[in-house]
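Q: Quick one: the structure is below, and I'll ask about it shortly.
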Amino acid sequence: MNGLLEKLIEAVEFGKVDKKSPYPPQLMNHDGADELAKKALEKGIRPDEILENALVPAMSKVGDKFTRKEIYVPQMLMAAKAMNAAMMHLKPFFQSGHTKRKGKFIIGTVSGDLHDIGKNLVAMMVEGGGWEVIDLGVDVETEKFLKVLEENPGAVVALSALLTTTMENMKQTVTAIRDKHRESKILVGGAPVTKEYCEKIGADFYSPDPQGAVNYLKALVS
Ligand code: B1M
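Here is the structure:
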């Protein structure tokens with residue numbers, strides 16, 4: 005793999021935001037995610053390659069280490085901050101309109117849930133896939149999804165949930181969308197969500213990862 009991308013994986017994994025950041029001590033005076041993402045683009049590496057081959061695997065390593073209790077929430081948050089610093093450089097390319105927009109994609113983390121790292125990754129990948137993304141953020145009430153869907157008829161709606169407790173809110177939102185907008189396509193995901201749960205609550209598609217969401221959307225418009 006390209007050395008720059010390997011360095012970027014390391015920067016995100018260990019939460020090195022930029023060169024001047026003193027954290028983590030072992031990367032003192034090294035380039036951070038900010039500089040590395042910029043350099044990768046300058047070297048001609050495509051934004052979607054940087055996302056898929058560096059940022060997504062780096063965050064997945066971080067999630068695995070947290071689960072194994074090798075790192076804790078502060079390190080996880082630093083990793084997210086580093087990832088966002090890299091994303092700041094990629095986003096203008098995804099938003100530049102170089103790729104023809106294929107449709108509208110409304111995404112949010114369901115009510116009561118503040119986790120947004122996975123949701124943001126899905127949003128970025130989908131945007132990179134040529135869709136106009138309307139990101140409603142976290143802790144999104146059902147009424148907000150309905151309102152934005154009414155303003156954007158035909159948009160695909162995507163719901164993320166990271167807590168077993170907020171999966172119930174996902175169900176409520178899906179039910180309300182189904183009642184009012186029977187034709188809308190609803191995509192669900194997030195660590196505790198499964199294909200079986202997706203079917204049970206009446207959503208159209210479950211994806212375990214951002215690429216699955218992109219592939220589903222690609223199939224929808226092909
Ligand atoms: Co929280 N948290 N957290 N947390 N947190 C988890 C989810 C947990 C599994 C940790 C644990 O106990 N091992 C646990 C949930 C347990 C459960 O319900 N079964 C948990 C808990 C309990 C909590 C709190 C309740 C802790 C507390 O306060 N006592 C609290 C809840 C706050 C709230 O939401 N109301 C809380 C808070 C937080 C922080 C704020 C500190 C922070 C969130 C920061 C942020 O998002 N801005 C945080 C974090 C970072 C995590 C972990 C460590 C990492 C989550 C993450 O970002 N993973 C997580 C443990 C873990 O995952 N190992 C944990 C990386 C991310 C790339 O993966 O989000 O799964 P993920 O997204 C994946 C896929 O799921 C998929 O694509 C992504 C890339 O592959 N995906 C979709 C996600 N959404 C999708 C939507 C799609 C398609 C795919 O289509 C629509």
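The opening position of the sequence shown corresponds to residue 5 in my numbering, with each subsequent residue numbered one higher.
Beta carbons: idealized from backbone N, C-alpha and C, even for Gly.
1) Where does residue 179 sit, in a helix, a strand or coil, going by DSSP?
2) Which one of 23, 128, 46, 184 has the shortest CA to CA distance from residue 149?
3) In whole angstroms, give me the CA-to-CA distance for residue 45 and residue 204.
4) Please report the distance separating the alpha-carbon of residue 24 from that of residue 16.
5) Just to confirm, does residue 95 get its C-beta within under 8 Å of one of the non-hydrogen atoms of the ligand B1M?
6) Would you mind stating whether residue 62 and residue 12 have Cβ atoms separated by less than 9 Å?
7) Let's see if you can read the secondary structure: which residues bound the beta strand (DSSP E) around residue 163?
8) Of the choices 6, 167, 52, 198, whose alpha-carbon is the least far from that of residue 127?
A: Let's see:
1) In the structure shown, the three-state DSSP call for residue 179 is helix.
2) Of 23, 128, 46, 184, the residue nearest in Cα terms is 184.
3) Cα to Cα, the separation comes out at about 43 Å.
4) C-alpha separation (whole angstroms): 15 Å.
5) Not one heavy atom of the ligand B1M lies closer than 8 Å to the C-beta of residue 95.
6) Cβ distance < 9 Å, so residue 62 and residue 12 count as in contact.
7) From DSSP, the beta strand (DSSP E) with residue 163 extends over 160–164.
8) Taking only the C-alpha atoms, the option nearest residue 127 is 52.
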